[in-house]
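Participant:
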Amino acid sequence: MPFFLLILLSYLLTPAAKPFVAPDYLSVVPQAGDGILSILRRYELDKYRCNLDKFCELNKVTLKNSLIKGKKYLVPIQLRAFDGKSIRSSLGISNFDVAKGIEIFNTLMLNKGLKSKAFKVDKILWVPHHTLNNCTSTEAKTTVSTNQAGKAPISENERVDPGYQKLSNPGKRKFPIFGDTYAYTPQLSSLLQGRIYYIDAGHGGIDPGAIGRYGGYDLCEDEYAYDVSLRLCRKLIEHGATTYMITRDPNDGIRGGTVLKCDKDEEVWGGQRIKTGHADRLHQRSNIINQLYDQNRKAGITQQFTISIHIDSRQNKQVDLFLYYQSTSEASKKLALNLHQSIRNKYQIYRKNGKYRGSVTTRNLHMLRECKPIGIYLELGNIRHPLDQQRIVLESNREALAKWLFDGLAGQ
Ligand SMILES: [Zn+2]
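Residue numbers for the sequence shown follow numbering that gives the first Met the number 0, beginning at 0 and rising by one.
1) Report buried or exposed for lysine 316, applying the criterion of at least 16 other Cβ atoms within 10 angstroms of its Cβ.
2) Between isoleucine 308 and serine 228, which are expected to be in contact by the criterion C-beta below 8 Å, what is the C-beta distance as a whole number of angstroms?
3) If valine 28 sits next to lysine 71, beta carbons under 8 Å apart, how far is it from one beta carbon to the other, in whole angstroms?
4) Specify, as a first and last residue, the run of the beta strand (DSSP E) that aspartate 424 falls within.
5) So glutamate 329 is in the beta strand (DSSP E); what residue range does that whole segment cover?
6) Could you give the first and the last residue of the continuous alpha helix (DSSP H) run that contains serine 423?
7) Going by DSSP, name the residue or residues bridged to valine 267.
8) Could you give the residue range of the alpha helix (DSSP H) that holds glutamate 43?
9) For histidine 202, is the beta carbon positioned less than 7 Å from some heavy atom of ligand 1?
10) Counting along the chain, where does the beta strand (DSSP E) carrying glycine 380 start and finish?
11) Applying the criterion that 16 or more other CB atoms from any shown protein chain within 10 Å of the CB defines a buried residue, is serine 395 buried or exposed?
12) Between the C-alpha atoms of valine 267 and tyrosine 243, what's the straight-line distance to the nearest angstrom?
13) Determine, using beta-carbon pairs with one atom in the stretch 310-325 and one in the stretch 364-381, whether at least three such pairs fall under 8 Å.
14) DSSP three-state label for valine 126, please.
15) Using beta carbons (cut-off 8 Å, strictly below), is leucine 367 in contact with chain D?
16) Run through DSSP, which three-state label would isoleucine 103 get?
17) Considering Cα atoms alone, identify which of Leu44, Leu259, Ile38, Leu408 is closest to lysine 234.
18) Decide if tryptophan 198 is buried, meaning its Cβ has at least 16 other Cβ atoms within 10 Å, or exposed.
19) Can glutamate 369 be considered in contact with ligand 1, in the sense that its beta carbon sits closer than 7 Å to one or more heavy atoms?
20) So for proline 385, helix, strand or coil by DSSP?
21) Using a threshold of 7 Å, is the CB atom of glutamate 265 nearer than that to any non-hydrogen atom of ligand 2?
22) How far does the alpha helix (DSSP H) with valine 120 in it reach, from first residue to last?
23) Using 7 Å as the cut-off, classify the Cβ of glycine 32 as near or not near the heavy atoms of ligand 1, replying yes or no.
24) From the DSSP output, which residues share a beta bridge with threonine 241?
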């Protein structure tokens, strides 16, 4: 090839091969009622302040601006080409955890239906602004401040549990245990009036339960069991039940987000610290439940239930949600079978291609054996299996789980 042609070719090719253009960002049109924060939340960007700043910079808006209907806005997610090999080589980065974080983010967006194809299929990676910019999570900041607040004496409100609230003013019923966003819990029906539920979210305190690895993060059984438990508890209250959260976290209400921070500050009903020994810990909560059960029974309440919520890790496979009942109680068996059937039905409606593998059996477990109320013990899945992990890391799935459990318990 003549030399001048080579020069010409390299002149023509260089700019095309390495374009110096600003990265493309994902654009969205706001949904009805959307603000900047709700968009950031939808795209799981709300935990990092830098994402909000970037959104404002990209769109030349501030938090005070309301978004214009029908207008396109740029979201701080870069659209980058996937080279078919790895996220690291595609982006020219070396940090494995950052790459794993981006991979998880893409899976999340796919699962939420926000991204239509997997990046390995459409060769487009969604790279959230915070992952390449070393941003500090606002969650870390919140934790510091709530820990400080945690040292203050517990307010009177905090001691008042759902079950003891007066039902006369449903619009103003406040249950601090659910956290700021969900504390107000109106009563929607009296369907479950007269029923008492003791909700035992498994583990807590120094015992995180099973731990799964998800990207660069630990998933602690106690945190996810607690979040689903709170969501279930709130639904039961909405429909008139009396409930007791036996495990309690003074500063984690119902939480959004995918990776729930592992902490150790859970306590039990009545404000005691969770005991350290395994057997002591189980006796501590069965004693509390039995004491409350006796008091409530004397007061004439006959329908009392214990719901223990866990996430399994003993098996190597996907397990789905499965249940145990009390071998000595027909009522427990019946409730477990009903709940099982109800979940199977939901699978048929919502997961048309998904086969439900969850089992229902009995097992000699302390909380089933020692607690006086009718008891059910649930395992929400396998915390170490990627498919089961999706059931708990997506907030929408935790909410759906609680809803399914509620429907099953309420016999709907
Ligand atoms: Zn467990």
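Yeah, the Cβ is synthetic: ideal placement off N, Cα and C, and Gly gets one too.
Facilitator: In brief:
1) exposed
2) Under the criterion of beta carbons closer than 8 Å, isoleucine 308 and serine 228 qualify as touching, at roughly 5 Å.
3) Indeed they touch by this definition, with Cβ atoms about 6 Å apart.
4) Absent from the model: residue 424. The displayed extent of the chain is 0 to 411, so no value can be given.
5) Run containing glutamate 329: none in the beta strand (DSSP E); it sits in the alpha helix (DSSP H), 329-349.
6) The first residue shown for the chain is 0 and the last is 411, placing residue 423 beyond what the model contains.
7) For valine 267, which the question treats as bridged, DSSP gives the partners Thr246.
8) Note, glutamate 43: premise wrong, no alpha helix (DSSP H); not H, not E.
9) yes
10) 373-381
11) exposed
12) A straight line joining the alpha-carbon of valine 267 with that of tyrosine 243 spans about 10 Å.
13) yes
14) strand
15) Note that chain D does not occur in the displayed structure, where there is just one protein chain.
16) If DSSP states are grouped into helix, strand and coil, isoleucine 103 belongs with the helices.
17) Leu408
18) At residue 198 the sequence reads isoleucine, which differs from the tryptophan that was named. Result: buried.
19) no
20) Helix.
21) In terms of ligand content, the structure shown lacks ligand 2 and carries ligand 1 instead.
22) 118-121
23) no
24) Ile195
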